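Reviewing the structure listed below.
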Amino acid sequence: MSDKGNPDALTPYARSLGIELSGMEDGVPVMSVAFDEAVEGRPEHYHGGATGGLLETAGYAALRAELAKRDREALLKPINITVQYLSAGKSRTSYAKGRVTKLGRRSANLTVEAWQDDPSRPIATAVMNVLVAEPKD
Amino acid sequence: MTDKPAFDPKTATPFLTSRGHSGWLGLRYSDHGDDWVELELPWREDLLGEDGQRVLASGPILSLMDMASGLAIWKAMDRFEPIATLDLRVDYVRPAREGSPVFGRSQCYRVTRSAAFVRGLAHDGDASDPVAHIQAVFMKIGQSTDKRELPGE
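First to last, the protein sequences are chains A and B. One point on numbering: in my numbering, the residue at position 96 of the first sequence is 165, and numbering is uninterrupted. One point on numbering: in my numbering, the residue at position 96 of the second sequence is 372, and numbering is uninterrupted.
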């Protein structure tokens with residue numbers, strides 16, 4: 070199934086974790102997740118995996134938006150992700166926004182930042198490489 | 277006095293995964309050695325990634341490896357001490373098989389005064405044919421508000 074025409078579609082995983090589209094900034098989706106038990110690691114803090122899931126979801130959302138802008142259909146498959154945890158995610162809503170650093174014919178390179186109160190003080194960042202494959206008929 | 281290890285991943289895992297993000301994922305103890313721990317992530321329809329591909333999302337694998345790495349570090353240190361992930365890299369070498377649980381095995385190969393280093397893999401039944409490889413660094417937090425007590429402590 071292609072993502073064309075529905076760049077805001079969330080994966081079942083993202084929906085299940087409680088990730089939502091918070092809004093658009095300059096044509097790029099900003100994703101958010103409210104703090105609840107599904108994202109909690111040590112008490113009152115985000116689990117590193119949940120923060121990673123939010124970053125990854127925001128990365129894919131930014132890539133889908135860019136593909137839609139270029140009217141390209143593609144199947145997206147993960148190649149890798151590197152997450153840097155900068156400070157502890159506290160018990161409030163987290164946001165994340167991705168940037169397509171490079172969109173090639175076969176792969177894309179993305180950078181993503183997650184924050185809580187202040188977008189200029191990220192709590193985590195990620196670099197992702199994603200395989201951009203031709204959709205199967 | 278006893279020679280019994282202070283940190284036993286088998287008894288600690290059900291405690292640590294009873295709630296929170298790990299509980300939501302349903303992580304379970306699978307196996308461990310002196311410096312490694314393997315956890316199981318059961319198959320779940322609502323953890324799928326891209327629509328139409330029937331492939332587990334990569335997020336849960338990240339969480340699985342983060343948790344297995346933490347346990348491997350506590351096993352290597354032989355005590356429960358607050359730690360935080362500093363850097364985690366995951367290479368997804370192939371999709372996990374549909375319907376199969378994913379196992380995350382992480383090894384702590386070095387602990388310093390302030391940091392712990394791990395490497396590991398995720399597989400769906402055959403550890404010689406991994407679905408992902410990981411490398412991560414954790415920091416010891418030191419003084420913390422984490423008041424959890426573990427069985428055996």
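Heads up, the beta-carbon is just placed ideally off N, CA and C, and yes, glycines get one too. Nothing here was measured: the structure is a model prediction, and the numbers come from that model.
Bridge-paired residues (DSSP) for P318 (chain B): For the purposes of this step, residue 318 (chain B) is taken as residue 42 along the second sequence, with counting starting at 1. Its beta-bridge partners do not exist; DSSP assigns none.
Name, going along the chain, the residues of the stretch 141–164 of chain A whose beta-carbon falls closer than 8 angstroms to a beta-carbon of chain B. L144, L145, K146, P147, I148, N149, I150, T151, V152, Q153, Y154 and A157
Nearest-angstrom Cα separation, counted from S160 (chain A) out to G153 (chain A): By one-based count along the first sequence, residue 153 (chain A) stands at place 84. By one-based count along the first sequence, residue 160 (chain A) stands at place 91. One point to set straight first is that residue 153 (chain A) is Gln, not Gly, in the sequence displayed. Rounded to whole angstroms, Q153 (chain A) to S160 (chain A) spans 19 angstroms at the Cα level.
Integer Cβ distance of A333 (chain B) from L340 (chain B), believed to fall under 8 angstroms: By one-based count along the second sequence, residue 333 (chain B) stands at place 57. By one-based count along the second sequence, residue 340 (chain B) stands at place 64. Taking the Cβ atoms as the reference, A333 (chain B) lies roughly 11 angstroms from L340 (chain B), outside the contact range of under 8 angstroms.
Environment of K166 (chain A) [buried if 16+ CB atoms lie within 10 Å]: Position 97 of the first sequence, counting from 1, holds the residue named residue 166 (chain A). K166 (chain A) comes out buried.
Report yes or no: is there a C-beta of chain B within less than 8 angstroms of the C-beta of T194 (chain A)? Taking the first sequence and counting its residues from 1, one reaches residue 194 (chain A) at position 125. No, T194 (chain A) does not count as interfacial toward chain B.
Whole-angstrom distance between R295 (chain B) and R111 (chain A), CA atom to CA atom: Position 42 of the first sequence, counting from 1, holds the residue named residue 111 (chain A). Position 19 of the second sequence, counting from 1, holds the residue named residue 295 (chain B). Rounded to whole angstroms, the gap between the alpha carbons of R111 (chain A) and R295 (chain B) is 10 angstroms.
Check distances from the C-beta atoms of the stretch 169–201 of chain A to those of chain B and list, in chain order, the residues that come in under 7 angstroms. none
Let me confirm a value: S298 (chain B) is counted as buried when at least 16 other C-beta atoms fall within 10 Å, else exposed. Which label applies? The sequence position of residue 298 (chain B) within the second sequence is 22, counting from 1. S298 (chain B) comes out buried.
Against chain A, which members of the stretch 344–374 of chain B pass a CB distance test of less than 8 angstroms? P358, A360, T361, L362, D363, L364, R365, V366, D367, Y368 and P371
Is S382 (chain B) helix, strand or coil by DSSP? The sequence position of residue 382 (chain B) within the second sequence is 106, counting from 1. Assignment of S382 (chain B) by DSSP, reduced to helix, strand and coil, places it in the strand class.
For a contact meaning CB atoms closer than 7 angstroms, what does H297 (chain B) contact in chain A? Within the second sequence, residue 297 (chain B) is the residue found at index 21, counting from 1. The answer, in chain order, is A107, V108, E109, G110, H116, G118 and A119.
Pop quiz: V394 (chain B) and I349 (chain B) are said to be a contact at Cβ under 8 angstroms. What is the actual Cβ separation, rounded to whole angstroms? As a first step, residue 394 (chain B) is located in the second sequence; it is residue number 118 there, counting from the start. As a first step, residue 349 (chain B) is located in the second sequence; it is residue number 73 there, counting from the start. Between I349 (chain B) and V394 (chain B) the Cβ distance is about 7 angstroms, and since that is below 8 angstroms, they are a contact.
What beta strand (DSSP E) runs, 3 residues minimum, are completely inside the stretch 104–160 of chain A? 144–154
Endpoints, the alpha helix (DSSP H) within which F291 (chain B) is located: For the purposes of this step, residue 291 (chain B) is taken as residue 15 along the second sequence, with counting starting at 1. Taken as a continuous stretch (DSSP letters only), the alpha helix (DSSP H) holding F291 (chain B) covers P285 to L292.
Just the C-alpha distance for R365 (chain B) and I359 (chain B), rounded to the nearest angstrom, thanks. Looking up residue 365 (chain B) in the second sequence gives position 89. Looking up residue 359 (chain B) in the second sequence gives position 83. Whole-angstrom Cα-Cα distance: 17 angstroms.
When the cut-off is 8 angstroms and only beta carbons count, does D402 (chain B) lie next to chain A? By one-based count along the second sequence, residue 402 (chain B) stands at place 126. No, no contact with chain A.
Between the stretch 91–104 of chain A and the stretch 283–291 of chain B, do at least 3 Cβ pairs fall closer than 8 angstroms? Cβ pair count under 8 angstroms is below three, so no.
Proximal residues of chain A, C-beta to C-beta of L444 (chain B) below 7 angstroms: Limits of chain B in this structure are 277 at one end and 429 at the other, which puts residue 444 (chain B) out of reach.
Of all the CB atoms in chain A, is at least one closer than 8 angstroms to the CB of A333 (chain B)? One-based indexing of the second sequence puts residue 333 (chain B) at position 57. At least one chain A Cβ lies under 8 angstroms of A333 (chain B).
Boundaries (first-last residue) of the alpha helix (DSSP H) holding L340 (chain B): Reading the second sequence from its first residue, position 64 is the one you call residue 340 (chain B). That run of the alpha helix (DSSP H) goes S334 to M353.
Of the residues A:Q185, A:S176, A:I88 and A:V169, which one's Cα is nearest the Cα of H114 (chain A)? Counting from one through the first sequence, the residue named residue 114 (chain A) turns up at place 45. Nearest of A:Q185, A:S176, A:I88 and A:V169 to H114 (chain A), Cα basis: A:Q185.
Using the beta-carbon count (16 or more within 10 Å), is K351 (chain B) buried or exposed? Working through the second sequence from its first residue, we reach residue 351 (chain B) at position 75. Buried: at least 16 other Cβ atoms inside 10 Å.
In the DSSP assignment, find the alpha helix (DSSP H) that holds A83 (chain A) and state where it starts and stops. On the first sequence, residue 83 (chain A) is found 14 positions in, with the first residue counted as 1. Residues P81 to L86.
For D322 (chain B), count the other beta carbons within 10 Å of its own beta carbon; 16 or more makes it buried, fewer makes it exposed. Which is it? Counting from 1 along the second sequence, the entry for residue 322 (chain B) is found at position 46. With fewer than 16 other Cβ atoms within 10 Å, it is exposed.
Report yes or no: do three or more beta-carbon pairs, one from the stretch 169–184 of chain A and one from the stretch 194–203 of chain A, lie closer than 8 angstroms? Taking 8 angstroms as the limit for Cβ pairs, the verdict is that the stretch 194–203 of chain A does touch the stretch 169–184 of chain A.
Shorter than 8 angstroms from the beta carbon of G122 (chain A) to some beta carbon of chain B? In the first sequence, the residue the question calls residue 122 (chain A) occupies position 53. Judged by the 8 angstroms Cβ criterion, G122 (chain A) is in contact with chain B.
If I'm right that P377 (chain B) touches W319 (chain B) with Cβ under 8 angstroms, what's the distance once you round it to whole angstroms? One-based indexing of the second sequence puts residue 377 (chain B) at position 101. One-based indexing of the second sequence puts residue 319 (chain B) at position 43. So it is a contact: roughly 5 angstroms between Cβ atoms.
For chain B, is any of its Cβ atoms less than 8 angstroms away from the one on A127 (chain A)? Here residue 127 (chain A) corresponds to residue number 58 of the first sequence, with the count starting at 1. Output row for A127 (chain A): interface = no.
Using a C-beta to C-beta distance shorter than 7 angstroms, which residues of chain B count as neighbours of S85 (chain A)? What you label residue 85 (chain A) is simply residue 16 of the first sequence in a count that begins at 1. Those within 7 angstroms of S85 (chain A) in chain B are D322 and L323.
Looking at the unbroken beta strand (DSSP E) that takes in L179 (chain A), where does it start and where does it end? Mapped onto the first sequence, residue 179 (chain A) falls at position 110. Element bounds for L179 (chain A): S176 to W184.
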